[in-house]
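Visitor: Please read through the structure below; I'll follow up with questions.
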Amino acid sequence: MARSGSRAGLLGRQHECQVLDDLLAGGRAGRSGIVVLRGEAGIGKTELLKYLRDRATGCRTVEVGGVQSEMELSYAGLHQLCAPLLAGLDGLPEPQRDALGTAFGLRAGAAPDRFLVGLATLSLLADSGGDRPLVCLVDDAQWLDHASALTLEFVARRLLAESVVLVFAVREPSANEALGSLPAMPVTGLTEPDSRTLLDSVVTGPLDQRVRDRIIAESRGNPLALLELPHGLTAAELAGGFGRPDAWPLSGQIEQGFLRRVQSLPAETQRLLFTAAAEPVGDVTLLRRAAERLGIDVDAAVSHADAAELITLGTRVRFRHPLVRSAVYRAASPTDRLEVHRALADATDAQVDPDRRAWHLAAATAGADETVAAELERSAGRAQARGGIAAAAAFLQRATALTQDPVLRAQRAVAAARAKLQAGAFEAAATLLAAAEAGPLDELGRARIDVLRAEIAFAQNRGTEAPALLLAAADRFGRLDVTLARDTYLNAVAAAIFAGRLARGPGLREVGRAARAAPRPQLPRVPDLLLDAVAARLTDGYAASAPMMERVLAAFCDEAIPYQEALRWLWLASVLAADLWDDERWHLVATRHVTITREAGALSALPDALDSLASSHLFAGELTAAASLVEEVRTVCAATGSTPARVGPLGLAVWRGREHEARALIDAIMSEAVPRGQGAAVTVAHWYHAVLCNGLGQYADARTAAQEAAAHRQEFTSPQWGLVELVEAAVRSGSPELAADALEQLSETTQASGTDWALGVEARSRALLSGGDAAERLYREATERLDRTRVRVELARAHLLYGEWLRRENRRVDARAQLSSAHEMFSRIGAEAFAERARRELQATGAKVRNHTVTTRAALTSQEAQIARLAGAGLTNPEIGAQLFISPHTVEWHLRKVFSKLGISSRREIRTLRLEDEATSA
Numbered sequence: 001m002a003r004s005g006s007r008a009g010l011l012g013r014q015h016e017c018q019v020l021d022d023l024l025a026g027g028r029a030g031r032s033g034i035v036v037l038r039g040e041a042g043i044g045k046t047e048l049l050k051y052l053r054d055r056a057t058g059c060r061t062v063e064v065g066g067v068q069s070e071m072e073l074s075y076a077g078l079h080q081l082c083a084p085l086l087a088g089l090d091g092l093p094e095p096q097r098d099a100l101g102t103a104f105g106l107r108a109g110a111a112p113d114r115f116l117v118g119l120a121t122l123s124l125l126a127d128s129g130g131d132r133p134l135v136c137l138v139d140d141a142q143w144l145d146h147a148s149a150l151t152l153e154f155v156a157r158r159l160l161a162e163s164v165v166l167v168f169a170v171r172e173p174s175a176n177e178a179l180g181s182l183p184a185m186p187v188t189g190l191t192e193p194d195s196r197t198l199l200d201s202v203v204t205g206p207l208d209q210r211v212r213d214r215i216i217a218e219s220r221g222n223p224l225a226l227l228e229l230p231h232g233l234t235a236a237e238l239a240g241g242f243g244r245p246d247a248w249p250l251s252g253q254i255e256q257g258f259l260r261r262v263q264s265l266p267a268e269t270q271r272l273l274f275t276a277a278a279e280p281v282g283d284v285t286l287l288r289r290a291a292e293r294l295g296i297d298v299d300a301a302v303s304h305a306d307a308a309e310l311i312t313l314g315t316r317v318r319f320r321h322p323l324v325r326s327a328v329y330r331a332a333s334p335t336d337r338l339e340v341h342r343a344l345a346d347a348t349d350a351q352v353d354p355d356r357r358a359w360h361l362a363a364a365t366a367g368a369d370e371t372v373a374a375e376l377e378r379s380a381g382r383a384q385a386r387g388g389i390a391a392a393a394a395f396l397q398r399a400t401a402l403t404q405d406p407v408l409r410a411q412r413a414v415a416a417a418r419a420k421l422q423a424g425a426f427e428a429a430a431t432l433l434a435a436a437e438a439g440p441l442d443e444l445g446r447a448r449i450d451v452l453r454a455e456i457a458f459a460q461n462r463g464t465e466a467p468a469l470l471l472a473a474a475d476r477f478g479r480l481d482v483t484l485a486r487d488t489y490l491n492a493v494a495a496a497i498f499a500g501r502l503a504r505g506p507g508l509r510e511v512g513r514a515a516r517a518a519p520r521p522q523l524p525r526v527p528d529l530l531l532d533a534v535a536a537r538l539t540d541g542y543a544a545s546a547p548m549m550e551r552v553l554a555a556f557c558d559e560a561i562p563y564q565e566a567l568r569w570l571w572l573a574s575v576l577a578a579d580l581w582d583d584e585r586w587h588l589v590a591t592r593h594v595t596i597t598r599e600a601g602a603l604s605a606l607p608d609a610l611d612s613l614a615s616s617h618l619f620a621g622e623l624t625a626a627a628s629l630v631e632e633v634r635t636v637c638a639a640t641g642s643t644p645a646r647v648g649p650l651g652l653a654v655w656r657g658r659e660h661e662a663r664a665l666i667d668a669i670m671s672e673a674v675p676r677g678q679g680a681a682v683t684v685a686h687w688y689h690a691v692l693c694n695g696l697g698q699y700a701d702a703r704t705a706a707q708e709a710a711a712h713r714q715e716f717t718s719p720q721w722g723l724v725e726l727v728e729a730a731v732r733s734g735s736p737e738l739a740a741d742a743l744e745q746l747s748e749t750t751q752a753s754g755t756d757w758a759l760g761v762e763a764r765s766r767a768l769l770s771g772g773d774a775a776e777r778l779y780r781e782a783t784e785r786l787d788r789t790r791v792r793v794e795l796a797r798a799h800l801l802y803g804e805w806l807r808r809e810n811r812r813v814d815a816r817a818q819l820s821s822a823h824e825m826f827s828r829i830g831a832e833a834f835a836e837r838a839r840r841e842l843q844a845t846g847a848k849v850r851n852h853t854v855t856t857r858a859a860l861t862s863q864e865a866q867i868a869r870l871a872g873a874g875l876t877n878p879e880i881g882a883q884l885f886i887s888p889h890t891v892e893w894h895l896r897k898v899f900s901k902l903g904i905s906s907r908r909e910i911r912t913l914r915l916e917d918e919a920t921s922a
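Sequential numbering from 1 applies to the sequence shown in the working numbering.
Here it is as structure tokens:
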């Protein structure tokens, strides 16, 4: 495809070469560059990668190619890419260093979170590009193992201000959706004139015009087809056009051309090619050892002239094109494949690479073989320890297929199903569970299947089927293992809380009754106390269970509970704290949960933890802190590819009083949450809708939304908050009877709770239905109690309602004091709608209202504002980068822009600024 044998002028690729040149120039200037070359087999993607490699003089270049047979080995591709850079591993922060080292099998340790591995890779690449630009070339990326592909996509999305150029080549069409979020450049066929020029360069004899036209038409400008299709035609066919038109697809025609060339080679050369095609790493030494066991003279085999056009043995084994490898492997008979895989297994060092040896042994085994199955099972354990869930699942699935004993086969099928579930392969997991159920399982095994089915249901449709399946599993466990049974009941409660009003099977009350009947432990753990408390809450009611909930909450706050138990159950403890109107413990437990999940790298659990802490900050009127957490949730969900209905952005929009934004978010949450069975999210959305409308003075709409929020009293937290909104909305919209009924229901929980938050909002609500001295006494009690809490928005609303009442009592001077306090608090918080409501009331008293303004500066983007907040809180660039999944270089780049926009010169100055209104949605 090059002129005069030089890639400096790739034929017909001026645009593509210019794009790559621009990326390289950016890398030299300190800007990261990412592109995915997409096109069919043979279209020239590999040649473009070679072009960039040749142009990258003075840069550090690393290359890796995906191999189809390596797709089940987690982090195999990433390890190859990072291997030349591992000298910088020790310079990474310890959690990142340990995660990457464990993933690559360089050190022992617990399975690393894949996003910590991603962050470590980001840091390693960014650091490696510090002294000179780093160019990473990834060919056949469609065949990268899933873990490597996800990690590299994660890294590529976060490269910005680093001297790193990352270019992938992906064969289309591809079933692998990885890398889909990255910038792509389609590589299409050559023009007809360029196709004719390339074809003429390889055909030296006579070429019939009709044959020329046919080859050009069938090749559709594919350079490899233009180079290879003539090899499949005889001289007579080229000269005279006497031949049968081939009906194969183009890639099939190219592969068939390679296949014919392979089949024309001597038998010993073919067997060497078979062996090389079965060995994905490209290890020349390993290939020679395997060939020796097969009795092949490697040097003699590759000396054949035609072989040299298909394969080269240098520092690595390289096929001319991936289609050559696939054509060679297809040409091998089943017997040949068994023999070469056996030779490769025997040639692989069992101490250095036991897992690849086990994989070759499995490929060399035609029937059941317990020895090989056991080796695969051990490989699965090692893969899981490295965080290679997909690899573990593949090893276990193959081990299941090689197991003859029906009991052991069923056990391995269950283990394989769990690994497939963790790897996100839900259909494969369900298939393996069906196979396991066909075997002779004991009661414990069947209970584990029930749990897995529930977890698959929860993962696929957010759990509307999960409570029933978990209850069935818990019942089985109850006769076998009390601890497993009680933990499973807690999981059922959690799934029922999540499903809430949308549960299609057993709901909260039914799950609570079942949990109440759980077997008793001999030595209760804190999770056992938690189960007893939530079961009582769901069966005996709020007032009867409040003392139990208080005790278990104290245990979570005060006792040194085991780390894993804290990681697993602190989120439910934060739900109890909010349900108990205990603002201090809610903040304490939620903060601890976020800290532990961050330290553990448990990113799947982190969004829920962050949501809870953000809600605590919203009640405290700390919208800046809440906004930072909401942005972090968005970052984590983007990193994990998770798109659940999140209420944090809605909470911010509501308390800020941004009606259009809030209503759009409510509609979005409803459209997402209802089909997924997320009843709790629906209730929260109704409650926020009521808050929004009360702030805007739209009391009839607030009443309707609050009634929806309070409709399902057995749900946790939100229905109670909905009753508070309902009292205010009903009074203001002329429905005092409805307000009185809501107040009676509210007082059942607030009196049982007894906290200042609970009693303060009850006093405020009761004042709305009172008059004279009683109303004033209640308003004063509300402000005094709420002033002792963290919930500043509730205190500000108490001042507002008190001031509104005083104005209607014609006590304008007293009203101004309360309304001024409310207006000042709401303005400082950033609660625009409530602040406007207070302003109107103040003006009605005849007061002149001072506008609260923020100095106009160039608006920060949401990420710049978040980085500024973290820097202002004292975090270093590496700490900010670790929290936001970007490199320290990118943090520094953003901070320079922040300093410029805000007109400051140091991090200390950030702490003196209000950043609440600085961020835009950019």
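Virtual Cβ for every residue (Gly too), placed ideally from N, Cα, C.
Note that this is a predicted model, so its numbers are computed, not measured.
Check whether the region 139–155 and the region 58–74 touch, using three or more Cβ-Cβ pairs below 8 Å as the test.
Guide: Contact between the region 139–155 and the region 58–74 is present, because at least three Cβ pairs lie under 8 Å.
Visitor: Is the beta carbon of LEU925 less than 8 Å from the beta carbon of ALA492?
Guide: Look at the range of the chain in this structure, 1 to 922, and you will see that residue 925 is not part of it.
Visitor: In whole angstroms, what is the alpha-carbon distance linking SER905 and GLN866?
Guide: Here residue 905 corresponds to residue number 905 of the sequence shown, with the count starting at 1. Here residue 866 corresponds to residue number 866 of the sequence shown, with the count starting at 1. Whole-angstrom Cα-Cα distance: 18 Å.
Visitor: Is ARG318 helix, strand or coil when you go by DSSP?
Guide: As a position in the sequence shown, residue 318 is number 318, starting the count at 1. Strand at ARG318.
Visitor: Count the other CB atoms within 10 Å of the CB of ARG3; is the residue buried (16 or more) or exposed (fewer)?
Guide: What you label residue 3 is simply residue 3 of the sequence shown in a count that begins at 1. Confidence is the limiting factor: at ARG3 the pLDDT is only 40, short of 50, which leaves the residue's position unreliable and the question unanswerable from this model.
Visitor: Starting from PRO172, trace the alpha helix (DSSP H) both ways and give me its first and last residue.
Guide: As a position in the sequence shown, residue 172 is number 172, starting the count at 1. Checking the sequence shown, residue 172 turns out to be Glu, not Pro. Taken as a continuous stretch (DSSP letters only), GLU172 belongs to no alpha helix (DSSP H), as it is neither H nor E.
Visitor: Mind checking which residues open and close the alpha helix (DSSP H) that includes VAL647?
Guide: Stepping through the sequence shown from its first residue, residue 647 is reached at position 647. Note, VAL647: premise wrong, no alpha helix (DSSP H); not H, not E.
Visitor: Of the choices LEU421, ALA419, GLU443 and ALA413, whose alpha-carbon is the least far from that of ALA434?
Guide: Along the sequence shown, read from residue 1 onward, the residue named residue 434 stands at position 434. Ranking LEU421, ALA419, GLU443 and ALA413 by Cα distance to ALA434 puts ALA413 first.
Visitor: Among the candidates PRO506, PRO440 and ARG896, whose CA atom is the shortest distance from the CA of LEU469?
Guide: Along the sequence shown, one-based indexing puts residue 469 at 469. Looking at the Cα atoms, PRO506 is the closest of the given residues.
Visitor: Less than 8 Å between C-beta atoms, sequence neighbours within five positions excluded: which residues of the same chain meet that for LEU24?
Guide: Counting from one through the sequence shown, the residue named residue 24 turns up at place 24. Answer for LEU24: GLY33, LEU52, ARG55, ALA56, CYS59, PRO133, VAL135 and VAL165, listed in chain order.
Visitor: In the DSSP assignment, find the beta strand (DSSP E) that holds ILE311 and state where it starts and stops.
Guide: By 1-based counting over the sequence shown, the position of residue 311 is 311. Looking at the DSSP string, the run of the beta strand (DSSP E) that includes ILE311 is 311–313.
Visitor: Give, in chain order, every unbroken run of the alpha helix (DSSP H) that is at least 4 residues long and sits entirely within the region 454–529.
Guide: As far as the region 454–529 is concerned, its whole alpha helix (DSSP H) runs of at least 4 residues are 466–478, 482–499 and 508–516.
Visitor: According to DSSP, simplified to helix, strand and coil, what is ALA579?
Guide: Counting from 1 along the sequence shown, the entry for residue 579 is found at position 579. This sequence places Asp at residue 579; Ala is not what is there. Helix.
Visitor: Just verifying my parser: in three-state terms, what is the DSSP assignment at ARG60?
Guide: The sequence position of residue 60 within the sequence shown is 60, counting from 1. Strand at ARG60.
Visitor: Note the first and the last residue of the continuous beta strand (DSSP E) segment covering ASP200.
Guide: For the purposes of this step, residue 200 is taken as residue 200 along the sequence shown, with counting starting at 1. It is not in any beta strand (DSSP E) - ASP200 instead sits in the alpha helix (DSSP H) that spans 192–202.
Visitor: Where does ASP21 sit, in a helix, a strand or coil, going by DSSP?
Guide: Translated into positions along the sequence shown, residue 21 becomes position 21. ASP21 falls in the helix class under three-state DSSP.
Visitor: Excluding sequence positions up to five away, which residues of its chain have a Cβ less than 8 Å from the Cβ of GLY648?
Guide: The sequence position of residue 648 within the sequence shown is 648, counting from 1. For GLY648, where only same-chain residues beyond five positions count, the Cβ hits under 8 Å are LEU610, ASP611, ALA614, SER615, ALA626, LEU629, VAL630 and VAL633.
Visitor: State the start and end residues of the unbroken beta strand (DSSP E) segment that holds MET185.
Guide: On the sequence shown, position 185 is the one that residue 185 refers to. Per DSSP, MET185 belongs to the beta strand (DSSP E) from 184–186.
Visitor: Just to confirm my understanding: we take LEU484, look at its own chain, exclude 5 residues before and 5 after, and list those with CB closer than 6 Å. What are they?
Guide: Here residue 484 refers to the residue found at position 484 of the sequence shown. Same-chain partners within the cutoff: PHE477.
Visitor: Using 8 Å as the threshold, is the C-beta distance between ALA291 and THR275 below it?
Guide: The residue you call residue 291 lines up with position 291 of the sequence shown. The residue you call residue 275 lines up with position 275 of the sequence shown. For ALA291 and THR275, yes; Cβs fall inside 8 Å.
Visitor: When the Cα atoms are used, what is the spatial distance from VAL187 to GLY39?
Guide: Locating residue 187 in the sequence shown gives position 187, counting from the first residue. Locating residue 39 in the sequence shown gives position 39, counting from the first residue. Approximately 5 Å, taken between the alpha carbons.
Visitor: Below 8 Å on the Cβ atoms is my contact criterion, and I expect ARG764 with ALA782 to pass it. Report the Cβ-Cβ distance as a whole number of Å.
Guide: Residue 764 sits at position 764 when you count from the first residue of the sequence shown. Residue 782 sits at position 782 when you count from the first residue of the sequence shown. Yes, they are in contact, since the Cβ atoms of ARG764 and ALA782 sit about 4 Å apart, within 8 Å.
Visitor: Taking the continuous alpha helix (DSSP H) assigned at VAL898, which residues delimit it?
Guide: Counting from 1 along the sequence shown, the entry for residue 898 is found at position 898. Element bounds for VAL898: 888–902.
Visitor: Would you mind sorting THR312 into buried or exposed? The rule is 16 or more other CB atoms within 10 Å of its CB.
Guide: Residue 312 sits at position 312 when you count from the first residue of the sequence shown. With fewer than 16 other Cβ atoms within 10 Å, it is exposed.
Visitor: Under 6 Å Cβ to Cβ from PHE834, same chain only, skipping five residues before and after it: list those, please.
Guide: In the sequence shown, the residue the question calls residue 834 occupies position 834. Excluding positions up to five away in sequence, the list reads GLY695 and PHE826.
Visitor: Determine the burial state of PRO927: buried for a count of at least 16 other Cβ atoms within 10 Å of its Cβ, exposed for fewer.
Guide: One cannot answer for residue 927 here, as it falls past the ends of the chain, which runs 1 to 922.
Visitor: So which of LEU89, LEU137, ALA108 and LEU100 has the shortest CA-CA distance to SER128?
Guide: Indexing the sequence shown from 1 puts residue 128 at position 128. Among LEU89, LEU137, ALA108 and LEU100, the Cα nearest to that of SER128 is on LEU89.
Visitor: Within 10 Å of its beta-carbon, does THR750 have 16 or more other beta-carbons around it, so buried, or fewer, so exposed?
Guide: In the sequence shown, residue 750 corresponds to position 750, counting from 1. Buried, because 16 or more other Cβ atoms sit within 10 Å of the Cβ of THR750.
Visitor: So does GLN745 have its beta carbon nearer than 7 Å to some heavy atom of the ligand SAM?
Guide: Summarising the ligand content, the structure contains no ligands, and the ligand SAM is consequently not present.
Visitor: Measure the alpha-carbon distance for ARG378 versus ALA401 and round it to whole angstroms.
Guide: Taking the sequence shown and counting its residues from 1, the one referred to as residue 378 is at position 378. Taking the sequence shown and counting its residues from 1, the one referred to as residue 401 is at position 401. About 15 Å.
Visitor: Can you grab the Cα-Cα spacing for the pair PRO183 / VAL167, in whole Å?
Guide: Here residue 183 is taken as the residue at index 183 of the sequence shown, counted from 1. Here residue 167 is taken as the residue at index 167 of the sequence shown, counted from 1. Going from the Cα of PRO183 to the Cα of VAL167 covers about 10 Å.
Visitor: I need the straight-line Cα distance from VAL898 to ILE910, nearest angstrom please.
Guide: In the sequence shown, counting from the first residue as 1, residue 898 sits at position 898. In the sequence shown, counting from the first residue as 1, residue 910 sits at position 910. Taking the straight line from one Cα to the other gives about 9 Å.
Visitor: Just checking my contact of VAL682 with VAL674 at CB under 8 Å: how many whole Å lie between their CB atoms?
Guide: In the sequence shown, the residue the question calls residue 682 occupies position 682. In the sequence shown, the residue the question calls residue 674 occupies position 674. Contact flag correct, Cβ pair sits at about 6 Å.
Visitor: I need the boundaries of the beta strand (DSSP E) containing GLY33, first residue and last residue.
Guide: By one-based count along the sequence shown, residue 33 stands at place 33. 33–39 is the span of the beta strand (DSSP E), which, as asked, contains GLY33.
Visitor: Just the Cα atoms here: how many angstroms apart are ARG807 and SER770?
Guide: Residue mapping note: residue 807 aligns to position 807 of the sequence shown, counting from 1. Residue mapping note: residue 770 aligns to position 770 of the sequence shown, counting from 1. Rounded to the nearest angstrom, the two C-alpha atoms are 15 Å apart.
Visitor: With respect to the alpha helix (DSSP H) encompassing ASP667, which residues constitute its N-terminal and C-terminal limits?
Guide: In the sequence shown, counting from the first residue as 1, residue 667 sits at position 667. 659–676 is the span of the alpha helix (DSSP H), which, as asked, contains ASP667.
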